[in-house]
Amino acid sequence: MKISREGYRVILLLLAISIALATFVHIYTAIPLWLLIVVIGFIYRDPDREIPSIPLAIICPVDGVITSIAEDHDPYMDRQALRISMRMNLLGSYSIRSPIEGKMQQKILFFEGESSAGGMQHNATYASTWIRTDEGDDIVMLLQKEGNWKPLHCYIQSGERVGQGRRCGY
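Next up, the structure:
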């Protein structure tokens with residue numbers, strides 16, 4: 296099982312504490328931390344995905360269930376667009392993948408009570424990404440974080456090219 300890079304720091308810290316407890320106190324005192332390491336490993340897992348090689352296709356960016364498909368106004372592009380809403384499984388993998396191949400035009404992170412990112416990426420409550428294909432098609436992906444137990448990260452920067460299915464956030 297592959298662990299996402301966001302989980303490494305937490306797992307290594309818990310592992311170091313559990314080794315110290317087992318060494319200096321008693322081995323049984325480390326058992327709860329070992330169980331916690333397994334749970335954290337499950338939460339931060341990053342399963343491999345088989346990405347279909349279909350030109351001009353749009354793939355699902357996350358593991359989830361489609362909750363609605365509707366025509367709606369896109370405030371980012373200021374036009375009518377097809378909105379596909381998804382709900383991610385609470386225990387599902389939270390890896391975010393690029394739905395199309397193209398160039399990142401803009402990335403905006405929104406924070407609770409703020410209208411701009413301010414350069415802080417670790418507590419974002421919304422992330423909006425605008426990707427343009429080589430054919431000139433635009434995709435705007437808006438991610439909304441629910442709850443405070445998992446941070447929202449977006450690694451792709453404006454101007455950077457992304458491949459279809461490439462992991463671009465968590």
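At position 109 of the sequence shown the residue is numbered 404 (this note's numbering), and the sequence of numbers has no breaks.
Positions of the beta carbon are idealized from the N, C-alpha and C atoms, including for glycine.
Drop a sphere of 10 angstroms on the beta-carbon of I322, count the other beta-carbons inside from all chains shown, and report buried for 16 or more, exposed for fewer.
-> Looking up residue 322 in the sequence shown gives position 27. Answer is exposed; the Cβ neighbour count stays below 16.
Burial state of T424, where buried means 16 or more other Cβ atoms lie within 10 Å | Mapped onto the sequence shown, residue 424 falls at position 129. The residue in question, T424, is buried, as its Cβ has 16 or more Cβ neighbours within 10 Å.
Using the Cα positions of L437 and L351, report the straight-line distance between them to the nearest angstrom.
-> The count along the sequence shown starts at 1 and reaches residue 437 at position 142. The count along the sequence shown starts at 1 and reaches residue 351 at position 56. If you take the alpha carbons of L437 and L351, they lie about 20 Å apart.
Please name the residue, chosen from P356, A365 and I364, that lies closest to S388 on a Cα-to-Cα basis.
-> Residue 388 sits at position 93 when you count from the first residue of the sequence shown. When P356, A365 and I364 are compared, the shortest CA-CA separation from S388 is found for P356.
Go ahead and pull the three-state DSSP assignment for A317.
-> In the sequence shown, counting from the first residue as 1, residue 317 sits at position 22. A317 falls in the helix class under three-state DSSP.
Alpha carbon to alpha carbon, how far is I312 from S382? Give it in angstroms, no decimals.
-> For the purposes of this step, residue 382 is taken as residue 87 along the sequence shown, with counting starting at 1. For the purposes of this step, residue 312 is taken as residue 17 along the sequence shown, with counting starting at 1. The sequence as given places Arg at residue 382; Ser does not occur at that position. Note on geometry: alpha-carbon atoms of R382 and I312 lie some 36 Å from one another.
Give every residue of the same chain whose Cβ lies closer than 7 Å to the Cβ of C463, excluding the five residues on either side of it in the sequence, and list them in chain order.
-> Translated into positions along the sequence shown, residue 463 becomes position 168. Around C463: I391, R392, S393, C449, Y450, I451 and V457.
Which whole-angstrom value describes the C-beta separation of K398 and R427, a residue pair presumed to lie in contact below a C-beta threshold of 8 Å?
-> Working through the sequence shown from its first residue, we reach residue 398 at position 103. Working through the sequence shown from its first residue, we reach residue 427 at position 132. About 6 Å; that satisfies the 8 Å criterion.
Identity of the residue in M372, S363 and D373 nearest I379 by Cα = The count along the sequence shown starts at 1 and reaches residue 379 at position 84. Selected option, being the one with the closest Cα: S363.
C-alpha gap between G460 and Y421, whole angstroms | Walking along the sequence shown from the start, residue 460 turns up at place 165. Walking along the sequence shown from the start, residue 421 turns up at place 126. When rounded, the distance between both Cα atoms is 21 Å.
When you compare each of L310, L316 and E301 to L480 by their alpha carbons, which one comes out closest?
-> In this structure the chain extends from 296 to 465, so residue 480 is not present and cannot be described.
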